[in-house]
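Here's the structure we're looking at; comments come further down.
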Amino acid sequence: MIERSMSLNEAMHLEPLTELALRRYTLREVNGELTFDALGENAVKDVQFVVDLINFYTEPKAAQIGQFKQYSLGVIMDYLRRTHEFYSLRMLPRMEMAIQSIQQTFSDHPIVGILDHFYKNYQNELLEHIELEENRLFPYAEELYDGKFSSDYSIKEFVRHHNHNIEDHLQDVLKLIEEDYPEVSRSFAYRSFKLLLNQFKADLKIHHLIEESIFLPKVLMLECS
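Counting in this note's numbering, the sequence shown runs from 1 upward without gaps.
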């Protein structure tokens with residue numbers, strides 16, 4: 001268990017997954033210790049939320065998601081927005097570079113073109129989902145929080161366009177590669193991509209849990225009131 005009194009250095013040493021959780025926050029080093037930005041747009045809104053978040057990363061059980069209900073809509077939305085930026089600017093570009101490395105290593109292999117095709121579909125659908133949340137859902141939530149009601153959007157409308165099936169076809173291609181093309185699956189380039197993808201999937205699962213079990217019910221409560 002990571003305690004609030006621990007330094008970030010101690011927390012990251014105790015649990016390496018802490019580093020994945022913290023990547024969306026701006027950290028700086030002061031006298032050899034990592035600390036959060038306390039001022040400006042990148043300042044952490046609630047340090048205790050981050051402590052709970054990094055503990056949740058060590059054991060992301062759905063039964064424990066209720067601990068985040070205590071935090072305000074603004075704190076939860078800050079996490080979701082930081083996560084979108086983290087995915088768009090860091091995680092997805094890194095995976096795209098890993099795909100390019102596979103293409104360079106196996107430039108004449110037909111399965112590589114198929115992998116690239118399905119990864120691009122996966123990435124594009126995810127970015128479209130992020131755009132929907134940033135342009136429609138979040139502004140709608142903020143309007144409700146400010147006491148305004150918009151009849152041209154609703155949680156029901158969001159859920160209608162919201163699904164998590166975007167990775168199914170990509171996973172089928174990975175399974176095919178690992179079963180039928182060992183020369184590709186055993187390569188460093190492929191294993192590097194698979195590691196990044198697994199990290200991303202683990203992070204995305206937590207993002208979905210917080211969004212669906214905490215954020216959406218809070219917005220729905222505002223909508224109903």
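Note that beta-carbon positions come from the ideal geometry of N, C-alpha and C, so glycine has one too.
For the alpha helix (DSSP H) that residue i lies in, which residues bound it at each end?
{"i": "Gln171", "result": "168 to 180"}
{"i": "Glu157", "result": "155 to 160"}
{"i": "Leu73", "result": "73 to 86"}
{"i": "Asn198", "result": "188 to 210"}
{"i": "Glu223", "result": "216 to 224"}
Please tell me whether residue i and residue j are closer than 8 Å, where the distance is taken between their beta carbons.
{"i": "Thr83", "j": "His208", "result": "no"}
{"i": "Leu115", "j": "Ile177", "result": "yes"}
{"i": "Ile76", "j": "Phe193", "result": "no"}
{"i": "Leu197", "j": "Met95", "result": "yes"}
{"i": "Tyr87", "j": "Leu170", "result": "no"}
{"i": "Phe106", "j": "Val184", "result": "yes"}
{"i": "Pro60", "j": "Lys205", "result": "yes"}
{"i": "Ala98", "j": "Ala189", "result": "yes"}
Helix, strand or coil: how does DSSP classify residue i here?
{"i": "His109", "result": "coil"}
{"i": "Asp146", "result": "coil"}
{"i": "Val47", "result": "helix"}
{"i": "Tyr25", "result": "coil"}
{"i": "Asp152", "result": "coil"}
{"i": "Pro60", "result": "coil"}
Can you tell me the Cα-Cα spacing of residue i and residue j, whole angstroms?
{"i": "Arg191", "j": "Gln104", "result": "14 Å"}
{"i": "Glu179", "j": "Gln199", "result": "22 Å"}
{"i": "Cys224", "j": "Val50", "result": "29 Å"}
{"i": "Phe100", "j": "Tyr145", "result": "Correcting the residue type first, residue 100 is Gln in the shown sequence and not Phe. Distance between the alpha carbons of Gln100 and Tyr145 is about 43 Å."}
{"i": "Leu92", "j": "Glu125", "result": "12 Å"}
{"i": "Leu220", "j": "Glu143", "result": "13 Å"}
{"i": "Phe138", "j": "Ile130", "result": "10 Å"}
{"i": "Pro182", "j": "Leu174", "result": "11 Å"}
{"i": "Ser72", "j": "Ile54", "result": "18 Å"}
{"i": "Val47", "j": "Arg24", "result": "13 Å"}
{"i": "Asp108", "j": "Glu211", "result": "42 Å"}
{"i": "Tyr153", "j": "Val159", "result": "11 Å"}
{"i": "Ile111", "j": "Asp52", "result": "42 Å"}
{"i": "Asp172", "j": "Arg90", "result": "25 Å"}
{"i": "Gly113", "j": "Ile102", "result": "10 Å"}
{"i": "Glu157", "j": "Tyr140", "result": "11 Å"}
{"i": "Phe155", "j": "Asp168", "result": "One detail in the question is off: residue 155 reads as Ile in this sequence, not Phe. Going from the Cα of Ile155 to the Cα of Asp168 covers about 25 Å."}
Can you name, in chain order, every residue of its own chain whose Cβ lies under 6 Å from the Cβ of residue i, other than the five neighbours on each side?
{"i": "Ile65", "result": "Leu209, Ser213"}
{"i": "Lys218", "result": "Leu73"}
What does a CB cutoff of less than 7 Å around residue i pick up in its chain, not counting 5 residues either side in sequence?
{"i": "Lys69", "result": "Ile214"}
{"i": "Leu132", "result": "His161"}
{"i": "Leu39", "result": "Legend: pLDDT at Leu39 = 46, less than 50; position of this residue unreliable, no value from coordinates given."}
{"i": "Leu20", "result": "Tyr57, Gln199, Asp203"}
Please go through the same chain and pick out, in chain order, the residues whose beta-carbon is closer than 8 Å to the beta-carbon of residue i, but skip the five residues on each side of it.
{"i": "Glu134", "result": "Arg81, His84"}
{"i": "Gly74", "result": "Lys45, Tyr145"}
{"i": "Gln123", "result": "Leu92, Met95, Glu96"}
Closer than 7 Å to a non-hydrogen atom of the ligand FMN - does that hold for the CB of residue i?
{"i": "Glu85", "result": "You won't find the ligand FMN in this model; it holds no ligand whatsoever."}
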